[in-house]
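To start, the structure itself, in structure tokens.
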Amino acid sequence: MTVKRVTYLQELLEFMGLKGRLHLEWISSAEAQKFAQVVTDFTEQIRTLGPSPLAVFTEKIKANAPKAFRRPEKAIKNMDQNLLFHGMQKAKSA
Amino acid sequence: MDMRTEVRQWLEQDKVDVFLGYKMIEGHPLPHFFSKDNLEEVDALVTGPARYPLEKIASSIATEKPGIKIGLLGRECTQRALNVLYIWNQLSPDNVKTLNVNCCPSRLEAHGDCSYLEPKPSGDYKKQMGLDNNMATEQTDIYSQEERFSRWIYEFQKCIKCYGCRNICPVCFCKECSLEHPDLVGTGALPAEVPIFHMVRAVHMAGRCIDCGLCEDACPMDIPLRLLYRKVNEIVKETFDYEAGISQLQPPFSVLGDTVTLEPKPLEMA
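So the sequences go chain by chain: L and V. Residues in the first sequence are numbered consecutively from 0, following numbering that gives the first Met the number 0. Residues in the second sequence are numbered consecutively from 0, following numbering that gives the first Met the number 0.
Below you can see the structure in the form of structure tokens.
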């Protein structure tokens, strides 16, 4: 089930211009080396891709939104933290 | 046989308890509930390019009154939507009878009655900044990843979060909607949280979207939703060999185990 959903989401993200920022790998708790390798590789890939373009646009939208539509500062702060790419878990615990 | 005669017969012979069609009300063809008690109203039954998700109305009637026999005007997209609703047990095929009307154009038909036949041409600014609504999904391949992203964000940031796309969608039926869940999508503020709002919907449309185009028709901000969901359908077709609406098979995301064998994608080192 996971592989189906993640493969689907990877394709969708590629269509929307966020290619390579989602990765799925099965690693057993006994495979410490594999874990280290995958994390290193993925970190390297993300570093090559640079910062998420989402952050830039969030700023832009925030600046250009008509005053009446602007969110309260607190909500903006939460929004940045809630971005999917920074993890749903974080949003839940906050 | 004439459409009205047939509907009258269905109602008289108790083949259906109610019939969902369109009635001209103050110059607008609006969805109407025809029943045996008001048979004379059937004369006012019309068909035309106007489209409403009648199958969605049917499924909400069926939730209120299980077992009621419903007849409805059916286009090709209605048939596909009904198949999806049967799969998800929102309607029972035994209780639904459709009266097929002229719809999507083909060489065999003189004309088709569908509000989506002539999509509005997109303006120059939209073409430059965003995406042309009439585009084919393959045509977006020419854009680089950065450009795709900025074009989609341009489209999404226009969203006024009216929920029109969800409300009109014939295959959206959940009682609790993720788009209203404060942990998933920020509520009560504009602009809508982009692109999460539309991404969540796109993910939920996988294996469900029947490409009726009602969402894009309903969108007041002219977001190319049909283009997005067409891509959704393409991915599902290519990856899982599944097409929503053409059969009553379960979609890949609600079947445990594999229908096709997938491996996690390897990292692509730049």
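Heads up, the beta-carbon is just placed ideally off N, CA and C, and yes, glycines get one too.
Per DSSP, Y51 (chain V) lies in no beta strand (DSSP E) segment and is marked neither H nor E. With distances taken between CA atoms, S246 (chain V) lies nearest to V:Y85 out of V:V6, V:D16, V:M2, V:Y85.
It is roughly 13 Å from the alpha-carbon of P92 (chain V) to the alpha-carbon of T77 (chain V). Under DSSP, Y21 (chain V) shares a beta bridge with V:P30, V:V45.
Listed along chain V are L261, P263, each with a C-beta nearer than 7 Å to that of V2 (chain L). The beta carbon of H22 (chain L) lies closer than 6 Å to those of F41 in the same chain, with the five residues before and after it left out. Neighbours of T238 (chain V) in chain L, taken as residues at a C-beta separation under 9 Å, are given in chain order as K3, T6, Y7, E10. Distance from V100 (chain V) to G70 (chain V) at the Cβ level is roughly 12 Å; contact not present, criterion being Cβ atoms closer than 8 Å. Interface flag for M220 (chain V) against chain L is unset, since no Cβ pair is found closer than 9 Å. Taking the beta carbon of V202 (chain V) as reference, the chain L residues within 9 Å of it are R4, Y7, L8, L11, listed in sequence order. With a threshold of 9 Å between beta carbons, I141 (chain V) makes no contact with chain L. Taking a 10 Å sphere around the C-beta of R50 (chain V), we find 16 or more other C-beta atoms and assign the residue as buried. Pairing S59 (chain V) with W151 (chain V), the inter-Cα distance amounts to about 33 Å. Between A29 (chain L) and I141 (chain V), the alpha-carbon positions lie close to 44 Å from each other. In this structure, V2 (chain L) sits near E262 (chain V), with a CB-CB distance shorter than 9 Å.
Excluding sequence positions up to five before and after S121 (chain V), its CB lies within less than 6 Å of the CB of D131, N132, all in the same chain and listed in chain order. Put simply, of V:P48, V:A201, V:I159, V:Q156 the residue whose alpha carbon is nearest the alpha carbon of S177 (chain V) is V:A201.
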